[in-house]
Amino acid sequence: MSVAEIDEKQARLVPLIAGGGLAGVLLATHHNIAWLTGGRSHRVDASRETGTPRLLVTAEGRRFVLANAIEMARLRDEVLADLDVEPIEYPWTADQNSAHALGVARSIVGGAAPIGADWPLPGAPMSEPVLARARSLLTGAEIERYRALGRDCGTVVGDVCRRVRPGEDEREIAATIMLSLTAINARAIVLLVGADDRVGKYRHPVPTATRWKQVVLVAVCAERDGLIACLSRVVATRAAPADLEVRTRAAASVFGRLLDATSAGTTGAQLFDIAAAAYRDAGFAGEEALHHQGGATGYRAREWIAHPASKDVVQARQAFAWNPSITGTKVEDTALLVDGGIELITSTPGWPAIEMTIGGRTLLATDVLRV
Numbered sequence: 093m094s095v096a097e098i099d100e101k102q103a104r105l106v107p108l109i110a111g112g113g114l115a116g117v118l119l120a121t122h123h124n125i126a127w128l129t130g131g132r133s134h135r136v137d138a139s140r141e142t143g144t145p146r147l148l149v150t151a152e153g154r155r156f157v158l159a160n161a162i163e164m165a166r167l168r169d170e171v172l173a174d175l176d177v178e179p180i181e182y183p184w185t186a187d188q189n190s191a192h193a194l195g196v197a198r199s200i201v202g203g204a205a206p207i208g209a210d211w212p213l214p215g216a217p218m219s220e221p222v223l224a225r226a227r228s229l230l231t232g233a234e235i236e237r238y239r240a241l242g243r244d245c246g247t248v249v250g251d252v253c254r255r256v257r258p259g260e261d262e263r264e265i266a267a268t269i270m271l272s273l274t275a276i277n278a279r280a281i282v283l284l285v286g287a288d289d290r291v292g293k294y295r296h297p298v299p300t301a302t303r304w305k306q307v308v309l310v311a312v313c314a315e316r317d318g319l320i321a322c323l324s325r326v327v328a329t330r331a332a333p334a335d336l337e338v339r340t341r342a343a344a345s346v347f348g349r350l351l352d353a354t355s356a357g358t359t360g361a362q363l364f365d366i367a368a369a370a371y372r373d374a375g376f377a378g379e380e381a382l383h384h385q386g387g388a389t390g391y392r393a394r395e396w397i398a399h400p401a402s403k404d405v406v407q408a409r410q411a412f413a414w415n416p417s418i419t420g421t422k423v424e425d426t427a428l429l430v431d432g433g434i435e436l437i438t439s440t441p442g443w444p445a446i447e448m449t450i451g452g453r454t455l456l457a458t459d460v461l462r463v
């Protein structure tokens, strides 16, 4: 992260602040602070959506960090040292009053224009929609960080899945994945592991003590530097039902149609309709009603989801995670829409792949790994 990157992002944000009649915006959520600072984290308590420090960006383009005495030294020395952010420190007791940060921000910007916030704060307009627009397009530096994250996640998740053997329980597999992600400086924000009948019964199989016998599904959303990569892998023994591949290839056909349709100007509603038609064509009509199909990703696992009423619009320089599922299986990977084309970034080297030709181009999706 460089000051140039934060300046580029602030150049998007400031006109939205001023255009909305705001004097400034307070940021406290982890995803927005990670976005503005290029992946820096103020996270201490993972149980909270927000941290105690706040970043203030004013309509004039100044930026401040408002933090209590517990956090300021670390933020100043280790997190924000090179980012040209003005520090405002106050006693930790002041944080016990939820309105304190807004009062400090008001003393900085003056005037009577409202100050927005990206979390529910009495007296401050909710500004998450403004920030979502500002962060919607990836910078060149973010694209490179995303590629590296996707490559690392595809490798480590694939390595763990190749080593799983019948008799391991879902929580053991999840623990191994978490440790492997830690080794690449990433963390799982979503981690699902489903064994055998749990894969078919539950679209979100939170890991339990169930030991797998024939089929195991692993689904991961991993975060590093604020960016999130999503992928799923299915492993099965030779004794697993033969129709597992049939279902997986049908899900892959939906995945391929979604990838092909992910082009600038397409709406979320159009993408949902394409997915529904692909399920019908594959002989699995109605599966789209059992789980969402994915959508744009970035600093949230899904920035938006394709659905029948979605007005969200695909843009170049965005990331997408499509996750079509058919009862008992799933296909999911993350892709970037760059240079006029779609680029998968979470592929696992050497993993069985399904090759499809759609719209005159060859697309790949993950198949079942038999062990």
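Going from the sequence shown to my numbering is simple: count from 1 and add 92.
From the three backbone atoms N, C-alpha and C, an ideal C-beta is built for every residue, glycine too.
Just so it is clear, the structure is predicted and the values come from calculations on it, not from any experiment.
Of the choices the options, whose alpha-carbon is the least far from that of residue i?
{"i": "asparagine 160", "options": "Thr144, Ile418 and Leu119", "result": "Thr144"}
{"i": "isoleucine 276", "options": "Val282, Gly259 and Arg243", "result": "Arg243"}
{"i": "glutamate 260", "options": "Pro333, Ala287, Leu128 and Leu241", "result": "Ala287"}
{"i": "leucine 205", "options": "Gly131, Leu114 and Glu178", "result": "A small fix is needed here, since residue 205 is alanine in this sequence, not leucine. Considering only alpha carbons, the answer is Leu114."}
{"i": "leucine 456", "options": "Ala343, Glu262 and Asp431", "result": "Ala343"}
{"i": "aspartate 99", "options": "Ala110, Trp127 and Gly111", "result": "Trp127"}
{"i": "isoleucine 180", "options": "Leu148, Ala209 and Ser190", "result": "Leu148"}
{"i": "glycine 442", "options": "Ser355, Arg325, Ala110 and Met270", "result": "Arg325"}
{"i": "serine 133", "options": "His192, Glu315 and Pro299", "result": "Glu315"}
{"i": "arginine 104", "options": "Ile125, Pro217 and Gly153", "result": "Gly153"}
{"i": "isoleucine 109", "options": "Ala216, Ile281, Ser94 and Gly195", "result": "Ala216"}
{"i": "isoleucine 83", "options": "Trp414, Thr359, Ile437 and Ser345", "result": "This structure cannot settle anything about residue 83, because the visible part of the chain is limited to 93 through 463."}
{"i": "valine 95", "options": "Ala233, His122 and Pro212", "result": "Ala233"}
{"i": "leucine 283", "options": "Thr274, Ser272, Lys293 and Val298", "result": "Val298"}
{"i": "leucine 436", "options": "Met218, Val177, His296 and Leu241", "result": "Leu241"}
{"i": "glycine 111", "options": "Ala369, Thr358 and Gly208", "result": "Gly208"}
{"i": "valine 498", "options": "Leu323, His383, Arg349 and Leu158", "result": "Only positions 93 to 463 of the chain appear in the structure, and residue 498 is not among them; the question remains open."}
{"i": "arginine 339", "options": "Arg372, Ala413, Val171 and Thr268", "result": "Arg372"}
{"i": "isoleucine 125", "options": "Val171, Arg166, Ile162 and Ala193", "result": "Val171"}
{"i": "serine 417", "options": "Glu262, Gly130 and Tyr294", "result": "Tyr294"}
{"i": "arginine 303", "options": "Arg349, Arg341 and Val256", "result": "Val256"}
Please say whether residue j and residue i have beta carbons closer to each other than 8 Å?
{"i": "valine 327", "j": "leucine 461", "result": "yes"}
{"i": "arginine 155", "j": "glutamine 102", "result": "yes"}
{"i": "threonine 426", "j": "alanine 278", "result": "no"}
{"i": "isoleucine 235", "j": "leucine 351", "result": "no"}
{"i": "valine 430", "j": "threonine 354", "result": "no"}
{"i": "aspartate 459", "j": "glutamate 337", "result": "yes"}
{"i": "alanine 388", "j": "alanine 356", "result": "no"}
{"i": "valine 106", "j": "alanine 173", "result": "no"}
{"i": "alanine 445", "j": "leucine 428", "result": "no"}
{"i": "alanine 301", "j": "valine 285", "result": "no"}
{"i": "glutamate 380", "j": "threonine 419", "result": "no"}
{"i": "threonine 465", "j": "proline 214", "result": "It is not possible to answer for residue 465, since the shown part of the chain is limited to 93 through 463."}
{"i": "glycine 360", "j": "aspartate 404", "result": "yes"}
{"i": "arginine 237", "j": "aspartate 137", "result": "no"}
{"i": "alanine 280", "j": "leucine 273", "result": "yes"}
{"i": "alanine 334", "j": "glutamine 306", "result": "no"}
{"i": "tryptophan 211", "j": "threonine 142", "result": "yes"}
{"i": "glutamate 97", "j": "glycine 130", "result": "yes"}
{"i": "alanine 413", "j": "glycine 386", "result": "yes"}
{"i": "histidine 122", "j": "arginine 135", "result": "yes"}
{"i": "threonine 438", "j": "leucine 323", "result": "yes"}
State buried or exposed for residue i, treating a residue as buried only when at least 16 other CB atoms are found within 10 Å of its CB.
{"i": "leucine 175", "result": "buried"}
{"i": "methionine 164", "result": "buried"}
{"i": "leucine 422", "result": "Before going on, a small fix: residue 422 reads as lysine here, not leucine. Per the 10 Å Cβ criterion, buried."}
{"i": "methionine 448", "result": "buried"}
{"i": "threonine 440", "result": "buried"}
{"i": "arginine 146", "result": "buried"}
{"i": "threonine 454", "result": "exposed"}
{"i": "glutamate 424", "result": "buried"}
{"i": "histidine 296", "result": "exposed"}
{"i": "glycine 348", "result": "buried"}
{"i": "alanine 377", "result": "exposed"}
- prompt: Are there three or more Cβ pairs, one per stretch, closer than 8 Å when the region 220-240 is compared with the region 186-202?
  reply: With the cut-off at 8 Å, the region 220-240 and the region 186-202 do not touch.
- prompt: Where in the region 223-311 do unbroken runs of the beta strand (DSSP E), each at least 3 residues long, occur, reported from the N-terminal end onward?
  reply: Within the region 223-311, the runs of beta strand (DSSP E) at least 3 residues long that lie entirely inside it are, in chain order, 279-287.
message: Counting beta carbon pairs with one atom in the region 303-311 and one in the region 239-258, are three or more of them shorter than 8 Å?
response: With the cut-off at 8 Å, the region 239-258 and the region 303-311 touch.
query: What residue ranges within the region 330-396 form continuous alpha helix (DSSP H) runs of no fewer than 4 residues, ordered along the chain?
result: Taking only runs of at least 4 residues, the alpha helix (DSSP H) segments lying wholly in the region 330-396 are 335-353 and 360-373.
- prompt: Does the region 382-402 touch the region 224-233, meaning 3 or more C-beta pairs lie closer than 8 Å?
  reply: In short, these stretches touch, since the Cβ pair count reaches three.
- request: May I have a chain-ordered list of the beta strand (DSSP E) segments no shorter than 3 residues that lie completely inside the region 114-141?
  value: DSSP runs (the beta strand (DSSP E)) wholly in the region 114-141: 116-121.
field: At least 3 beta-carbon pairs within less than 8 Å: the region 397-413 vs the region 356-373
entry: Put simply, the region 397-413 touches the region 356-373. At least three CB pairs are less than 8 Å apart.
query: Contact between the region 228-242 and the region 117-126: three or more CB pairs below 8 Å?
result: Output reads no: the region 117-126 does not touch the region 228-242.
message: Restricting to runs no shorter than 3 residues, where is the beta strand (DSSP E) found entirely within the region 161-236?
response: Taking 3 residues as the minimum length, the beta strand (DSSP E) runs contained wholly in the region 161-236 are 178-182 and 207-209, in order along the chain.
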